[in-house]
Amino acid sequence: MARPDTDLPARGIIPELEFSTKAPAQADVLLVGVFAGAEDEIELPDHGLLGRSELREVCEGLAAVGAQTDPGSITRIPAPAKSGVEAVVAVGLGDPEELDDETIRRVTGTAARALKKDKSVVTAINTLGLAATVEGLILGGYDYRGLRSADDTTDVTITLIGERGDKDEFVTAQIIAEAVVFTRDLVNTPSSHLYPEAYANVLAAEAKRHGVKAEVLDDAALNDQGFGGILAVGGGSARTPRLVRLQWSGKKKAPQVGLVGKGITFDTGGISLKPPAKMENMISDMGGSAAMAAVVFAAARLKLPVNVTATLPLAENMPSGTAIRPGDLITHYGGTTSEVLNTDAEGRLVLADALARASEDNPDYLVDTATLTGAQMVSLGSRTAGVMGTDELRDTLAETGAAVGENAWAMPLLEEHDEQLKSPVADIRNHTNSRNGGMLFAARYLREFVADDTEWAHIDIAGPSYNTEGVYGYTVKRATGVPVRTLVSWLRTLT
């Protein structure tokens, strides 16, 4: 019998997607896309799911109700008789000359939410972009209900019609989207249920399902091996910290990739206590670790011929008599010492240990991601991640993120932070007591724990990881799953 803490208390609901080379005999809804034609006319691509007369009737019906073609606009009309469906849902695609994968993801994400009350849907909109359609439908249709007792959501099945040779692309896109969903589920789980020990158990159980090797270090093992940063941050909580290592071995002679993700299951700020307003959103402070775990599992499910190891420090940052204080000194894994100026700059303390450990593997590439600084949002807003590190890898990941719809921007490491990093009583200090360039200083701090000559990048996802704004496109409220698709896309280029 499975232990109760080896799975999450709730999972998000997503549409069930099926792929077929022919349309089912009956369905509740036909989903179609509509373009903006000349003189504001509606253009409805013929994908073979409607006869010529039915196609004309749908066009006339949409025109009669004033259907819009702006990207993401939704219009529902009764279906023609003998069409095999009860209703037609049209989603606007905009100008056909401007259609791209990101537009497809956004409009199908919007359409997925409009279909939540339906049971069966058929579409060939995927012929405009199969992978983008799969990602849009799954991610836009994601609904996390938590532990609410009432459930008014219908389990909708969406059948995508395509060519036989498209099945592999469909399955790949589905696996990648499900990796994002797994990340969202982890981040959305409240800290009452997802604390370091329970989190480590969930990851270990998931690893077993996918043929991934898992190693979990408890607080005693962390103490024996000298993980001073993780122990210091987790020392104020009754829930002791963990370090999880997940390893996928895809091919013996293949690139070695190290991934590191911040796993603060709840962040009060510690002694440097955060303001209470919106502190409930700090369940999301483990978003980096969730994303990196999901990337490893996706690599395993896709059987990518790369070798990927994720090193994930998990801790809860709480104020108590045993919590670290401003002015304390920490000895990190590997021996570097830090002076703690601010206990709310705790993410870099646990990442430091993990980066030092990951560097021992001599990876060809080392990437870390974290909901690390409020300064990221000041610099780049809530939807664009900051990427820092060695020039080539930094630029590659920023470009990859932009290409898959996870906006990212390459940022520099500043010379002046070399001096500001110095401490009179330790090797380095974890904060500058200044708001200026805070995101860049944090990355400069982390660089101290990366082995020389390692291709390294740090991705700050403080804003993009957790959406507190309105729903848009395929981005729902709360956890987003950034930057899973960026990293999986990048790993696929290494094969």
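Numbering (the UniProt record's numbering), first residue to last: 1 to 495. C-beta atoms are modelled at their ideal positions from N, C-alpha and C, and glycine is treated no differently.
- Query: If we ignore side chains and look at the alpha-carbon of each, how far apart do residue 263 and residue 49 end up?
  - Reply: For the purposes of this step, residue 263 is taken as the residue at position 263 of the sequence shown. For the purposes of this step, residue 49 is taken as the residue at position 49 of the sequence shown. So the alpha carbons of these two residues sit roughly 47 Å apart.
- Tell me whether residue 167 sits in a helix, a strand or coil according to DSSP, three-state version. For the purposes of this step, residue 167 is taken as the residue at position 167 of the sequence shown. It is helical.
- Cut-off 7 Å between Cβ atoms - residues of its own chain near residue 230, not counting five sequence neighbours on either side: Here residue 230 refers to the residue found at position 230 when the sequence shown is read from its first residue. Same-chain partners within the cutoff: 222, 241, 243, 313, 315, 350 and 353.
- Message: Can you tell me which residues form a DSSP beta bridge with residue 242?
- Response: Taking the first residue of the sequence shown as 1, we reach residue 242 at position 242. Answer by DSSP bridge pairing, in chain order: 314.
- Message: At the level of alpha carbons, what is the spacing between residue 424 and residue 452?
- Response: Within the sequence shown, residue 424 is the residue found at index 424, counting from 1. Within the sequence shown, residue 452 is the residue found at index 452, counting from 1. Spanning the two alpha carbons is a distance of roughly 24 Å.
- Query: In this structure, does DSSP put residue 481 in helix, strand or coil?
  - Reply: Sequence index remark: in the sequence shown, residue 481 carries index 481 (1-based). If DSSP states are grouped into helix, strand and coil, residue 481 belongs with coil.
- Whole-angstrom distance between residue 484 and residue 413, CA atom to CA atom: Taking the first residue of the sequence shown as position 1, residue 413 is located at position 413. Taking the first residue of the sequence shown as position 1, residue 484 is located at position 484. Near 24 Å, if we compare the C-alpha coordinates of residue 484 and residue 413.
- Query: Hey, residue 108 and residue 133: beta-carbon distance below 9 Å or not?
  - Reply: In the sequence shown, the residue the question calls residue 108 occupies position 108. In the sequence shown, the residue the question calls residue 133 occupies position 133. It is a contact, given that the beta carbons lie within the stated cut-off.
- Alpha carbon to alpha carbon, what distance is there between residue 326 and residue 273? Along the sequence shown, read from residue 1 onward, the residue named residue 273 stands at position 273. Along the sequence shown, read from residue 1 onward, the residue named residue 326 stands at position 326. The alpha-carbon atoms of residue 273 and residue 326 are separated by roughly 11 Å.
- Taking only the alpha-carbon atoms, compute the straight-line gap between residue 1 and residue 146 and give it to the nearest angstrom. Indexing the sequence shown from 1 puts residue 1 at position 1. Indexing the sequence shown from 1 puts residue 146 at position 146. Residue confidence for residue 1 is low, a pLDDT of 33 falling below 50, so the modelled location carries little weight and cannot support an answer.
- Same chain only: Cβ atoms within 6 Å of residue 166, ignoring 5 sequence neighbours per side: Taking the first residue of the sequence shown as 1, we reach residue 166 at position 166. Cβ neighbours of residue 166 beyond the five flanking positions: 130.
- Query: Which residues in the same chain have their Cβ closer than 7 Å to the Cβ of residue 110, if we skip the five residues on either side of it in sequence?
  - Reply: For the purposes of this step, residue 110 is identified with residue 110 of the sequence shown, where counting begins at 1. Taken in chain order, the residues that qualify are 72, 74, 91, 140 and 473.
- Taking the continuous beta strand (DSSP E) assigned at residue 138, which residues delimit it? What you label residue 138 is simply residue 138 of the sequence shown in a count that begins at 1. From DSSP, residue 138 is part of no beta strand (DSSP E) but of the alpha helix (DSSP H) over 130 to 140.
- Taking the alpha-carbon positions, what's the residue 311 to residue 260 distance? As a working note, residue 311 is residue 311 in the sequence shown. As a working note, residue 260 is residue 260 in the sequence shown. C-alpha separation (whole angstroms): 5 Å.
- residue 257 and residue 481 closer than 9 Å at C-beta: Along the sequence shown, read from residue 1 onward, the residue named residue 257 stands at position 257. Along the sequence shown, read from residue 1 onward, the residue named residue 481 stands at position 481. Result no, Cβ atoms of residue 257 and residue 481 do not sit closer than 9 Å.
- Message: Once DSSP output is grouped into helix, strand and coil, what is the label at residue 16?
- Response: Along the sequence shown, read from residue 1 onward, the residue named residue 16 stands at position 16. Looking at residue 16 - three-state DSSP - the assignment turns out to be strand.
- Would you report the Cα separation of residue 34 and residue 19, rounded to the nearest angstrom? Along the sequence shown, read from residue 1 onward, the residue named residue 34 stands at position 34. Along the sequence shown, read from residue 1 onward, the residue named residue 19 stands at position 19. Whole-angstrom Cα-Cα distance: 22 Å.
- Helix, strand or coil for residue 11 per DSSP? Your numbering for residue 11 matches position 11 in the sequence shown. Residue state, collapsed to three classes: coil.
- Task: Check the C-beta distance from residue 183 over to residue 300 and give it rounded, since I have them as a contact under 8 Å.
- Result: Translated into positions along the sequence shown, residue 183 becomes position 183. Translated into positions along the sequence shown, residue 300 becomes position 300. Not really, about 15 Å apart at Cβ, beyond 8 Å.
- Task: Alpha carbon to alpha carbon, how far is residue 24 from residue 67? Give it in angstroms, no decimals.
- Result: Residue 67 sits at position 67 when you count from the first residue of the sequence shown. Residue 24 sits at position 24 when you count from the first residue of the sequence shown. Each residue's Cα considered, the two are about 26 Å apart.
- Message: Using the three-state DSSP reduction, which class does residue 288 fall into: helix, strand or coil?
- Response: Along the sequence shown, read from residue 1 onward, the residue named residue 288 stands at position 288. Correct three-state label for residue 288: helix.
- Does the Cβ of residue 429 have 16 or more other Cβ atoms within 10 Å, making it buried, or fewer, making it exposed? To locate residue 429, count along the sequence shown from 1; it is residue 429. Flag for residue 429 reads buried.
- Query: Roughly how many whole angstroms lie between the Cα atoms of residue 401 and residue 470?
  - Reply: Taking the sequence shown and counting its residues from 1, the one referred to as residue 401 is at position 401. Taking the sequence shown and counting its residues from 1, the one referred to as residue 470 is at position 470. For residue 401 and residue 470, the distance between alpha carbons rounds to 21 Å.
- Tell me, which residues are paired with residue 455 by DSSP? The residue given as residue 455 occupies position 455 in the sequence shown. According to DSSP, residue 455 bridges with 365.
- Message: On the criterion of 16 or more Cβ atoms from any shown chain inside 10 Å, does residue 360 qualify as buried, or is it exposed?
- Response: For the purposes of this step, residue 360 is identified with residue 360 of the sequence shown, where counting begins at 1. So residue 360 ends up on the exposed side.
- Given 8 Å, three or more beta-carbon pairs between the region 198 to 212 and the region 322 to 337: Counting Cβ pairs under 8 Å, fewer than three are found: no touch.
- Message: If you follow the alpha helix (DSSP H) that residue 374 is in, where does it begin and where does it stop?
- Response: Position 374 of the sequence shown, counting from 1, holds the residue named residue 374. It spans 374 to 380 - the alpha helix (DSSP H) in which residue 374 sits, taken as one unbroken run.
- Message: I'd like the list of long-range same chain contacts for residue 219, defined as Cβ closer than 8 Å, with 5 residues on each side in sequence excluded.
- Response: By one-based count along the sequence shown, residue 219 stands at place 219. Around residue 219: 231, 234, 240, 241 and 242.
- Between which two residues does the alpha helix (DSSP H) harbouring residue 401 extend? As a working note, residue 401 is residue 401 in the sequence shown. Note, residue 401: alpha helix (DSSP H), 391 to 404.
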